[in-house]
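Numbering (the working numbering), first residue to last: 250 to 1038.
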């Protein structure tokens, strides 16, 4: 290809021909500049500017040329399509690539503008919060003045005002949990960060493999799904994970000068939010229960109301078999259709799990006896009942099952749960759900019957899923009706209520001059009670189907059957209401629902963790790993928001299941043990409040040793008692999670039994295995194959 002839550059002045020739050669060998003028060599003497030949400016300059003009090195007019492409239509359409430098400049300017707007809004909000010129600010807002002009006016009005004061500027804030320079909203955003990234990062590939690309991910991390708070620009401290995002209300105020009166007032205000305005008021001043005595364990009405509030705050409405509004009304009026001594004592036994008060313990000096006195009273009342066929008895059985699950008495919990669902069927509550409604004899009865059935049903599905057993309810029944969603219930508030009034002060550094106003306006969330119940029930229906698929005796299923059920799980996840998406709502019940979903998916695929699905790119092992990671992320967010002492009863089961998966991954890959060790730490934190958490921790350590998976040299892990003994089965134990089953436990001889051995003839301890044939080519025929490492 012939070289293009370069026009020689002839400077004006007294330069001779040799100099001109030298300039031409230097210009030929030098790097061609991208500017409109070639660069003169450094050793060349420049002539005065007035003698140089000036070039005309181009008439039209564009910042970015289309791709076709760039390839042709032609002048582009910047239009779309440009003139060159219209004159000579190319093979490809006229299009432009983003001009990165210009976009960066715009982005930087936008960030600066947003930062300025944020500082101005903070200045305005702080002025309103401090009750400075509030009426004038509101008047200016109503007159549609800009944020900048209002902030400027505030600056001119008070030249000393520089925005929010330092967190330590007030001596009365010593009892409030705060982070230096970190606002409450930013703390919650940081706490939710692990959970917020779960859906898009973990399930995109799996959804595409199942052909669900066209379904929008309801929990995708879009701006609309994030908590609608303006975050601060300060850096989140590295130590954030060790503090919950819940502070204290032990602050003395002008109306409540002593700590006890402040705590009492705060607790009453919290009960007003949780119960409604009929509670937490004057009636709490009466220490005796009086004629409406629902329990013989205590005569302290404040304690009874407090423990009930703890239950409705942290455990309700998942697995809830009672209608809150009907129960509370009956509790006040003495209506025994919806309230009974048995039910109240069962609620108290569950609520005690979230309290460290002496009255919540059977022995005030022994934390291991928490709730035992209320539970013993509930058992006494249950066994003294002549007729168990009542709504309140079914509801109480479910609550007793939840309490025993937390304590680690799984056999007892399964018994109470089974009794609950069987009584519900005997009373015909399932007929209401099927649409065969009975005539209403009492106002609200149909709604309470629906709530009662679904509470018993969901709890039964949870145990079927956990143990790998068939549910207590028929496979073919069509469940159509669910408790109606009412706006009044959906819009009711939820606040994090705890002992000693340490609730809802979510890292707020504002003086508490009006606790009730601050509580209701700033930190209450919508409870969405009925939406949680409906969504949770729909998930339980899928679990019901999956249990029958895996555990029906004599049935055969294929890998396609598994994928069909998994498709239903993913579609359920897509259909989660906007109010219950991660980022929109972070109440304990919402976080629990998301944990439960990943728990169900993990246990659905775990039996096949050593197999592959023929003609499918989905690996059960990968699905289990992703579900375990999601559970761990949600637990981390929960811990940072509320601490793990305030967790619903089944959370330790979730952490155990995720921990087993993390242990398998750590043992088979180069991934470190951090996630497994975090699970150990989480269970250790929960062990003071959930008896099963201690056993789950021991199970994980036992499995690590049994599978010969090395763990870091940690004194806390090594200095444990005999794990073999703790994980052995026993005929008198209430626990069914015993991995250390030996030959002597399975097959007994026909001779005499030594004194130190179990005398029971326990021949068939097999339970919870899917009915999958794996010999003689049957496994491949059904669409499964062994996983090749």
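In this text, a Cβ means the ideal position worked out from N, Cα and C, and glycines have one as well.
Which stretch, first to last residue, makes up the beta strand (DSSP E) that contains residue 942?
Unbroken run through residue 942 is the alpha helix (DSSP H), 940-955; no beta strand (DSSP E).
Could you tell me which whole alpha helix (DSSP H) segments of length 4 or greater appear in the stretch 763-848?
Runs of the alpha helix (DSSP H) inside the stretch 763-848: 764-767, 778-800 and 808-823.
Near residue 373, which residues of its chain fall below 8 Å by C-beta distance, leaving aside the five closest residues on each side in sequence?
386, 396, 399, 400 and 403, listed in sequence order.
Under 8 Å between the Cβ atoms of residue 644 and residue 701?
In this structure, residue 701 lies closer than 8 Å to residue 644 by Cβ.
Output the distance between the C-alpha atoms of residue 554 and residue 922, rounded to the nearest integer angstrom.
The straight-line gap from Cα to Cα measures roughly 44 Å.
If you compare alpha carbons, which of 360, 560 and 586 is closest to residue 594?
Ranking 360, 560 and 586 by Cα distance to residue 594 puts 560 first.
Counting C-beta neighbours from all protein chains within 10 Å, is the total for residue 732 16 or more, i.e. buried, or is it exposed?
Classification of residue 732: buried, given that the 10 Å Cβ count is 16 or more.
I'd like the list of long-range same chain contacts for residue 591, defined as Cβ closer than 8 Å, with 5 residues on each side in sequence excluded.
Once the five neighbours on either side are set aside, the close Cβ partners of residue 591 are 627, 630, 631, 634, 641, 642 and 645.
For the beta strand (DSSP E) containing residue 1041, list its first residue and its last residue.
Lying outside 250 to 1038, the shown extent of the chain, residue 1041 is not represented and no answer is given.
Whose CA, out of 924, 657 and 812, lies closest to the CA of residue 900?
The candidate whose alpha carbon is nearest that of residue 900 is 657.
From residue 227 to residue 783, what distance separates their C-alpha atoms?
Limits of the chain in this structure are 250 at one end and 1038 at the other, which puts residue 227 out of reach.
Suppose the cutoff is 8 Å on Cβ atoms and the five residues either side in sequence are ignored; what does the same chain contact list for residue 929 look like?
Once the five neighbours on either side are set aside, the close Cβ partners of residue 929 are 908, 946, 949, 950 and 966.
Among the candidates 802, 864 and 884, whose CA atom is the shortest distance from the CA of residue 1034?
Nearest of 802, 864 and 884 to residue 1034, Cα basis: 864.
Is it true that the stretch 359-368 meets the stretch 336-345, where meeting means three or more beta-carbon pairs spaced less than 8 Å apart?
Verdict: no, contact absent.
Any idea what DSSP makes of residue 899, helix, strand or coil?
It is coil, neither helix nor strand.
By Cβ distance below 7 Å, which residues in the same chain neighbour residue 906 in space, the five residues on each side in sequence not counted?
848, 851 and 852.
Could you give the first and the last residue of the continuous beta strand (DSSP E) run that contains residue 861?
Where residue 861 is concerned, the enclosing beta strand (DSSP E) stretches over 860-862.
Among 360, 583, 358 and 1028, which one has its Cα closest to the Cα of residue 860?
That would be 1028, whose Cα lies nearest to the Cα of residue 860.
Taking residue 325 and residue 344 to be in contact with their CB atoms under 8 Å, please state how far apart those CB atoms are, rounded to whole angstroms.
About 12 Å; that fails the 8 Å criterion.
Which runs of the alpha helix (DSSP H) spanning at least 4 residues fall entirely within the stretch 316-386, listed in chain order?
Those alpha helix (DSSP H) runs which fall completely within the stretch 316-386 and span 4+ residues are 316-321, 332-336 and 349-378.
Mind checking residue 726: buried by the 16 CB within 10 Å criterion, or exposed?
Looking at its Cβ environment, which holds fewer than 16 other Cβ atoms inside 10 Å, residue 726 is exposed.
Buried or exposed: where does residue 720 fall if 16 or more other Cβ atoms within 10 Å of its Cβ makes it buried?
Under this definition residue 720 is a buried residue.
Output the residue ranges of the alpha helix (DSSP H) runs that lie fully inside the stretch 865-909 and measure 4 residues or longer, sorted by chain position.
Those alpha helix (DSSP H) runs which fall completely within the stretch 865-909 and span 4+ residues are 869-891.
If we count the other Cβ atoms within 10 Å of its Cβ and call it buried at 16 or more, is residue 596 buried or exposed?
Residue 596 should be labelled buried.
Going by beta carbon distance, what residues of the same chain come within less than 6 Å of residue 776, once the five residues before and after it are set aside?
Answer for residue 776: 741 and 743, listed in chain order.
Measure the C-alpha to C-alpha separation of residue 546 and residue 625 and round it to an integer number of angstroms.
About 10 Å.
Out of 841, 913, 703 and 870, point me to the one whose CA is closest to residue 793's CA.
Looking at the Cα atoms, 703 is the closest of the given residues.
I need the boundaries of the alpha helix (DSSP H) containing residue 699, first residue and last residue.
Where residue 699 is concerned, the enclosing alpha helix (DSSP H) stretches over 694-716.
Is residue 742 helix, strand or coil when you go by DSSP?
The answer is strand: DSSP assigns residue 742 an E or B state.
With a cut-off of 8 Å on the beta carbons, I'd call residue 669 and residue 650 a contact; round off their distance for me.
Indeed, because the Cβ distance is near 7 Å, the residues count as touching under 8 Å.
How close, in whole Å, do the beta carbons of residue 938 and residue 602 come, if the pair is a contact with beta carbons under 8 Å?
That pair is a contact at about 6 Å.
Less than 7 Å between the CB of residue 310 and some heavy atom of the ligand HEM, yes or no?
The ligand HEM is not part of this structure, which contains no ligands at all.
Can you round the beta-carbon distance between residue 715 and residue 902 to whole angstroms, since I take them to be within the 8 Å contact cut?
Rounded, the Cβ-Cβ distance is 6 Å, consistent with contact.
DSSP three-state call for residue 290: helix, strand or coil?
Note that residue 290 scores a pLDDT of 42, beneath 50, so its modelled location is shaky and nothing firm can be said.
Along the beta strand (DSSP E) that carries residue 1034, what are the first and last residues, could you check?
Unbroken beta strand (DSSP E) run through residue 1034: 1033-1035.
For the candidate residues 878, 955 and 931, whose alpha-carbon lies nearest to that of residue 916?
Of the candidates 878, 955 and 931, the one whose C-alpha sits nearest the C-alpha of residue 916 is 955.
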